[in-house]
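Residue numbering for the sequence shown follows the working numbering, beginning at 65 and increasing consecutively. Worksheet for the structure shown next.
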Amino acid sequence: MKSSTSVVELVMLLCSQEWQNSIQKNAGLAFIELINEGRLLCHAMKDHIVRVANEAEFILNRQRAEDVHKHAEFESQCAQYAADRREEEKMCDHLISAAKHRDHVTANQLKQKILNILTNKHGAWGAVSHSQLHDFWRLDYWEDDLRRRRRFVRNAFGSTHAEALLKSAIEYGTEEDVVKSKKAFRSQAIVNQNAETELMLEGDDDAVSLLQEKEIDNLAVPFLPKLFISRGPVVLSTPAQLIAPVVVAKGTLSITTTEIYFEVDEDDPAFKKIDTKVLAYTEGLHGKWMFSEIRAVFSRRYLLQNTALEVFMANRTSVMFNFPDQATVKKVVYSLPRVGVGTSYGLPQARRISLATPRQLYKSSNMTQRWQRREISNFEYLMFLNTIAGRTYNDLNQYPVFPWVLTNYESEELDLTLPGNFRDLSKPIGALNPKRAVFYAERYETWEDDQSPPYHYNTHYSTATSTLSWLVRIEPFTTFFLNANDGKFDHPDRTFSSIARSWRTSQRDTSDVKELIPEFYYLPEMFVNSNGYHLGVRDDEVVVNDVDLPPWAKKPEDFVRINRMALESEFVSCQLHQWIDLIFGYKQRGPEAVRALNVFHYLTYEGSVNLDSITDPVLREAMEAQIQNFGQTPSQLLIEPHPPRSSAMHLCFLPQSPLMFKDQMQQDVIMVLKFPSNSPVTHVAANTLPHLTIPAVVTVTCSRLFAVNRWHNTVGLRGAPGYSLDQAHHLPIEMDPLIANNSGVNKRQITDLVDQSIQINAHCFVVTADNRYILICGFWDKSFRVYSTETGKLTQIVFGHWDVVTCLARSESYIGGDCYIVSGSRDATLLLWYWSGRHHIIGDNPNSSDYPAPRAVLTGHDHEVVCVSVCAELGLVISGAKEGPCLVHTITGDLLRALEGPENCLFPRLISVSSEGHCIIYYERGRFSNFSINGKLLAQMEINDSTRAILLSSDGQNLVTGGDNGVVEVWQACDFKQLYIYPGCDAGIRAMDLSHDQRTLITGMASGSIVAFNIDFNRWHYEHQNRY
């Protein structure tokens, strides 16, 4: 109660008037100050709150922006990931479909191969009626060591192109021609239909049509991991164009650690427009190439831009790609094996060499010096210059270019010793005719077009059109020509129909300055209309069929042989450097070109236009079309005069020249070496190259006693390398000391039992190129065996045949001593084996040397195989059975053709093949035939002697024979004209071989001795006979 009273009293006090007056009097000022302070504090608080609010808003905005950015980044990453996955899936799908496509194409090829083997006239299902289905042939892409493509193979896509005949007849012909063409067209359709229904010989088209799409998808899934394991990681993937004759296909080039893949973009509109007939001849659209197969990589131009590469393969074909820019080219080269430009041109195998310019390659190579010293031929040197200057078979606008060398296409006989028959090689083709030269000079001097620099010629000496017109009679060029010419042949008056006529036109027509192509010097088939195309009738009523040859050439082979002789003649050798100056050298451009009347349209020269600087696609396309149309001048290799070739006479006095002409002062017989054993010498192998550990002549007798007889290079007097005065008294062959002393005969005698029925002859033995191993056949267990020549011990037994092995043959060896071995058997088959020079065994793998697998099985014979020859350079095996025609197989096992000899030539016994394409076959009873590698019988003869040994000189021009009468005879291979008969020996000849320099002939005699003869094939050369 007390507390409440006091509170009441306090309130009453505060409410009293006196208190209020006191407060008013004393607190007014303080109150006002308080209010003012409150106001100030309020303003400060407001500012602080605004500032904090602004800062908060700024932080929130920043965080919001970061969230938006992160969200966008997340979305972008998701989109990129999805795109990458899509791209990856697309690539996977592409790779799977491409792999299926490749497998499909391979399966089709194998199916075609099996059908060819079975349905061939000599196959299990063969019949004469079926042979009509195999009438069409095409030029194979296989190149020999001089880059000549000479081999013809069966053409599954061949036809007479009757539809082109119909178009041509409508455009150029009379009503009668049109009626005939329609009949031919209908009959061809019927023939084609019958052919397909009867044997299904044509492969399916390139689309995968063997399986339904659904089935393919189901099959693809389990194989996906395996596909990527086999490919390995992709090191580089880039857009690229496959460059092939008349085809440029966009796609993707992928390089793994062991392989190259190219996948064409089939959705590309340009690709869809390409004629399927052309695509049938285009290889590599879904290509795969192993690194181990790559032999050379060259930088190339495409449309005058240095953005292409050409890759040469072990199977003697090449493939060319164009890339977006030079940087990509460099990346690709550094992703490929280090092979340089191969081993042929004396250049190191380095990537910098693959990227070198043509001029750098020319300067670094030893080929010019070799040509000057006459170690290589004019043909080989021109092919070298073409190759390094960017000329290629894969781009018809950059096809290799060769000169016209002859001017006389009218005479019955051609004298190659008359200068008047040869062209002046110091002038371009357009300046040879003085009247026409004046016309071209005036055109240049009176030039008025400001849009283009002046030129002498509005056409080029090498264009895609001219190349196709030269080769129009042979596939695949017929199809390429028709594709480029709206599906019809050219007007008969413009068609290449006569060599003399073409030469005249090139001298008179102001729009024709064509040079030649290499085929004029090696391919007689280009002049023959073997596929039976109807090429029309000229205005002078002459039917265009085979090319009319000059009177001095009775057949195409004569023309090619004589034209090549002219190219290699002394007249051409002395002038050829001047033609090189015009095409590849300092007269190609600039003031010297003007002076030499050698200026062409500016768009034919390298560096005249940079396509990348043209941004307008329409303008760029027009420029590309112009470059394609005008032709392309080769890269310039020299900016100073090319050195001349040394004369043949000058080289006669050099001790080391292999191509000189000398008098045969020595006697015919150098020496006779008699072995203690009287057993006939049935095999002779002269591996005499100086770089071998043991240069030797290895001999094997009938009793299988072999001897390694040391070879001394003592024939320096006749020009072989390695001659020294200290050795001059030596004879070239020194008898094997183990045989001479009778001390180690156990190291030289093969004692393993041979089949009793085998007749030991030269075909039973093969000696490897290093003289270290002998391969012998004829054993009862159906094997052939490898023995060491050093110890005489057995090192390998090779099984594969179902009956006794009756013959063996070896191909020429390459670097490392690798070569092919062919074994023929009584089971009527042949097996192709690979000899590894590194491991000295049959087969690639030393771990499986007990059971090596053959590379190919060659079938078609009906009887025991008795003779065989293999040429790795041509990729051919030619074999003969006890009875029947000889057969030609490729080294991949395809039966190409039978060499049907003349009547009574049914029992082949000996075969010799040269890399120049001659195949000489000796039949029983002294009959000889000479076939081309494409099966044409070129010559035949009969002699009285029973021949036991034949061989061809390295250039294929001369044949040497020896037989039971003991006489060595030399013949001209092309027509079997007899050139020389050596003095007779007192015993029959059983075997023979030539030393590496082609200057010593060693014969194995029936009396158990060997005889060394002097031989100089140059003495039968026409220039040697006429001049020296």
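Quick reminder that beta carbons are idealized off the backbone N, C-alpha and C, glycines included. Bear in mind that the values here come from a model prediction, so they are computed numbers and not experimental data.
- Nearest to LEU1015 by alpha-carbon distance, out of ALA1003, ASP1039, PRO412 and GLN1062, is GLN1062.
- Counted as a single uninterrupted DSSP element, the stretch harbouring LEU769 is not any alpha helix (DSSP H), since DSSP gives it neither H nor E.
- Between the region 950-962 and the region 219-226, the count of C-beta pairs closer than 8 Å stays below three; the two stretches do not touch.
- The Cβ atoms of ILE885 and VAL830 lie closer than 8 Å to each other.
- Under the rule that a run must span 3 or more residues, the beta strand (DSSP E) segments found entirely inside the region 1013-1059 read 1022-1027, 1033-1036, 1041-1045 and 1053-1058.
- Annotation for VAL393: the continuous alpha helix (DSSP H) segment containing it runs 390-399.
- VAL658: member of the alpha helix (DSSP H) spanning 655-659, first to last residue.
- For TRP643, the enclosing alpha helix (DSSP H) begins and ends at 634-647.
- Annotated as distal: GLY1030 and THR1011, with beta-carbon spacing of 8 Å or more.
- Taking C-beta atoms as the reference points, LEU737 and SER1073 count as a pair closer than 8 Å.
- Annotation: TYR986 is outside any alpha helix (DSSP H); the continuous beta strand (DSSP E) that includes it extends over 982-987.
- Judged by DSSP secondary structure, GLN305 falls within the beta strand (DSSP E) whose first and last residues are 300-308.
- With 16 or more neighbouring CB atoms inside 10 Å of its own CB, VAL745 falls in the buried class.
- A contact between stretches requires three or more CB pairs, one per stretch, nearer than 8 Å, and the region 594-613 fails this requirement with the region 634-647.
- By the CB criterion at 8 Å, VAL403 and LEU300 fall outside the cutoff.
- In the DSSP secondary-structure assignment, MET431 is not bridged to any residue.
- When the alpha-carbon of PRO698 is set against those of TYR1046, SER356, ARG103 and ARG423, the nearest one is in ARG423.
- A buried status is given to HIS665, since no fewer than 16 other beta-carbon atoms sit within 10 Å of its beta-carbon.
- Just so you know, the alpha carbons of GLN1021 and ASN1078 end up roughly 18 Å apart.
- Residue range 333-337 is occupied by the alpha helix (DSSP H) that includes LYS337.
- Ranked by Cα distance from ASN751, the options GLU685, GLU876, SER672 and ASN674 are led by GLU876.
- Taking each of PRO708, HIS524, GLN390 and ILE440 in turn and checking the Cα distance to GLN696, the smallest one comes out for HIS524.
- A contact between stretches requires three or more CB pairs, one per stretch, nearer than 8 Å, and the region 468-475 meets this requirement with the region 622-636.
- Taking the Cβ atoms as the reference, SER889 lies roughly 11 Å from HIS927, outside the contact range of under 8 Å.
- Take ARG709, set aside five residues on each side of it, and the residues of its chain with a beta-carbon closer than 6 Å to its own are GLN436 and SER637, in chain order.
- As for any beta strand (DSSP E) of minimum length 3 sitting wholly inside the region 900-961, the runs are 920-922, 929-935, 940-945 and 950-954, ordered along the chain.
- Within the DSSP bridge table, the entry for THR765 names VAL745 as partners.
- Under the Cβ criterion (8 Å, minimum of three pairs), the region 931-951 counts as touching the region 967-980.
- Remark: C-beta atoms of MET354 and GLU330 do not approach each other more closely than 8 Å.
- Relative to MET590, the option among THR765, ILE538, GLY406 and MET377 whose CA is nearest is ILE538.
- For LYS738, the enclosing beta strand (DSSP E) covers residues 733-738.
- With the rule of 3 Cβ pairs closer than 8 Å, the region 517-532 counts as touching the region 663-680.
- Remark: fewer than three beta-carbon pairs, one from each stretch, lie closer than 8 Å, so the region 202-213 and the region 172-186 are not flagged as touching.
- Ranked by how close their Cα comes to the Cα of VAL342, the residues ALA313, SER363 and CYS1038 have ALA313 in first place.
- In the displayed model, PRO620 falls within a helix according to three-state DSSP.
- Every alpha helix (DSSP H) stretch that sits fully inside the region 513-562 and reaches 4 residues is listed by chain position as 528-534 and 541-548.
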